[in-house]
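Worksheet: one structure, shown below.
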DNA sequence: TATTGTTATACTCTATAACTATA
DNA sequence: TATAGTTATAGAGTATAACAATA
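Here it is, written out as structure tokens:
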């Protein structure tokens with residue numbers, strides 16, 4: 081998977097300027113600028129929404145410099161007992177190779193630590209450091225305000241429905 | 081926006097192996113491996129769903145080697161009368177710089193052409209070539225089967241609801 | 001033989017900045 | 001001065017392949 085729909089860099093800008101125009105409401109002067117059949121494709125709007133949500137997430141957790149990717153790694157490590165790198169990668173569905181780099185960064189920041197596994201000398205038991213636990217707690221609080229903002233924007237019912245629909249999603 | 085949730089490379093694999101496990105249904109042997117609070121975050125599942133949808137889109141249009149990004153550019157050019165690069169970039173919410181590279185590729189394949197604008201010597205009027213129009217028509221047909229698959233999977237009502245909810249999305 | 005963590009390579013996407021030619 | 005197209009650079013994300021240590 082390398083290719084993507086093109087989509088907005090910043091949600092705010094886009095809304096104000098050009099995109100998300102229906103065929104009915106076009107630019108005034110020289111008649112142009114619809115998204116055409118793109119308007120009918122769920123994937124395009126999934127991508128737009130995902131970007132908007134991520135941007136809010138990033139903004140909300142900027143003060144602790146934790147992005148969605150780092151947050152997901154901290155969450156999986158913090159929610160399990162000494163998972164191996166292979167387990168974390170498998171759970172999140174990413175390459176082991178990529179996790180290596182991410183853990184290097186998290187470890188450099190003193191948030192996580194690779195303990196030798198007691199049962200398999202090839203593998204590491206991953207843990208949050210005390211500092212990592214503290215920061216993760218703060219991250220969860222900030223992420224909760226982010227999610228609350230989504231709920232406020234969508235309505236609780238809509239949010240729940242979206243969550244369920246997307247949770248059950250499998251092609 | 082540089083950072084993302086970690087998410088599956090392949091939707092199929094993930095479903096079969098480890099991810100998308102609820103706290104109730106965990107791995108059998110040593111009690112591990114939940115996604116923790118990630119389960120509550122819309123962003124995480126938006127990303128998962130988006131990836132699954134894109135993968136199906138890519139698979140479906142593989143025979144003509146058109147990805148979501150190229151499709152979106154072809155669509156905007158094909159749906160408007162000689163839009164400039166700035167207009168296309170603005171509509172899709174991408175950098176002008178990135179569009180340059182994409183148009184280079186599309187032009188190399190003989191799908192699009194940069195015509196000199198009749199009103200502004202700085203800008204180009206973008207068009208689909210006859211070959212581009214033909215391929216775009218095929219792309220639309222394939223994309224429609226992709227979307228039909230989504231509808232079949234989600235149910236028409238759910239699909240419509242998701243499309244509307246995401247269309248109206250703005251943070 | 002297979003798996004774990006690791007290193008390396010390559011390509012795409014994203015975010016900038018700067019240049020040129022026009023306006 | 002501002003804008004359109006372009007070039008260049010850099011950091012993430014993604015997809016592979018290969019290797020050493022261990023199972």
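Residue numbers (this note's numbering), protein chains in the order written: chain A, 81 to 251; chain B, 81 to 251.
Backbone N, C-alpha and C define an ideal beta-carbon position, used for all residues, glycine too.
Partner residues on chain B for residue i, Cβ-Cβ distance less than 7 Å
i, result
"residue 220 of chain A", "117"
Cβ neighbours of residue i in the same chain (closer than 6 Å, five flanking residues each side left out)
i, result
"residue 169 of chain B", "176, 179"
"residue 150 of chain A", "none"
"residue 231 of chain A", "239"
Collapsed DSSP secondary structure at residue i in the structure displayed
i, result
"residue 157 of chain A", "helix"
"residue 196 of chain B", "strand"
"residue 238 of chain B", "helix"
"residue 208 of chain A", "strand"
"residue 247 of chain B", "helix"
"residue 332 of chain B", "There is no way to answer for residue 332 of chain B, as the model of chain B reaches only from 81 to 251."
"residue 175 of chain A", "coil"
"residue 189 of chain A", "coil"
"residue 222 of chain B", "helix"
"residue 115 of chain B", "coil"
"residue 215 of chain A", "helix"
"residue 152 of chain A", "helix"
"residue 162 of chain B", "coil"
"residue 183 of chain A", "helix"
"residue 141 of chain A", "coil"
"residue 86 of chain B", "coil"
"residue 202 of chain B", "coil"
Contacts that residue i makes with chain B (C-beta to C-beta distance below 8 Å)
i, result
"residue 130 of chain A", "123, 126, 127, 130"
"residue 223 of chain A", "117, 121"
"residue 252 of chain A", "The structure shown does not extend to residue 252 of chain A, since chain A is modelled only from 81 through 251, so no value can be given for it."
"residue 236 of chain A", "None at all; the shortest Cβ gap to chain B is about 12 Å."
Chain-ordered chain A contacts of residue i [CB-CB under 9 Å]
i, result
"residue 239 of chain B", "122"
"residue 180 of chain B", "None at all; the shortest Cβ gap to chain A is about 13 Å."
"residue 114 of chain B", "156, 159, 160, 171"
"residue 208 of chain B", "Per Cβ cutoff of 9 Å: no residues; residue 208 of chain B is ~12 Å from chain A at best."
Where residue i falls, given that 16 or more other Cβ within 10 Å makes a residue buried
i, result
"residue 135 of chain A", "buried"
"residue 211 of chain B", "exposed"
"residue 100 of chain A", "Annotation note: pLDDT 39 at residue 100 of chain A (below 50); position unreliable, no value reported."
"residue 144 of chain A", "exposed"
"residue 129 of chain B", "buried"
"residue 127 of chain B", "buried"
"residue 228 of chain A", "exposed"
"residue 132 of chain B", "buried"
"residue 199 of chain A", "exposed"
"residue 235 of chain A", "exposed"
Cross-chain neighbours of residue i in chain B, by beta carbon under 9 Å
i, result
"residue 204 of chain A", "Within 9 Å Cβ-Cβ: nothing; residue 204 of chain A doesn't reach chain B, min ~14 Å."
"residue 183 of chain A", "Residues of chain B passing the Cβ test: none, with the nearest at roughly 12 Å."
Sequence-distant residues of its chain with Cβ nearer than 8 Å to residue i (five each side left out)
i, result
"residue 206 of chain B", "157, 162, 163, 164, 165, 168, 183, 192, 193, 194, 195"
"residue 203 of chain B", "164, 165, 166, 197"
"residue 190 of chain A", "209, 211, 212"
"residue 141 of chain B", "147, 151, 219, 222, 223, 226"
"residue 185 of chain A", "150"
"residue 50 of chain B", "Any property of residue 50 of chain B remains undetermined from this structure, which presents chain B solely from 81 to 251."
Interface residues of chain A facing residue i [CB-CB closer than 7 Å]
i, result
"residue 230 of chain B", "122"
"residue 247 of chain B", "125"
"residue 242 of chain B", "122, 245"
Sequence-distant residues of its chain with Cβ nearer than 7 Å to residue i (five each side left out)
i, result
"residue 152 of chain A", "172"
Residue i: contacting residues in chain A (beta-carbon distance under 8 Å)
i, result
"residue 215 of chain B", "Correct list: empty, because the minimum Cβ distance to chain A is about 14 Å."
Residues, ordered as in the chain, of the stretch 140 to 157 of chain B that lie near chain A by beta-carbon distance below 7 Å: 147, 148, 149, 152, 153, 155, 156
Members of the stretch 187 to 200 of chain A that neighbour chain B once the beta carbon cut-off is set at 7 Å: none
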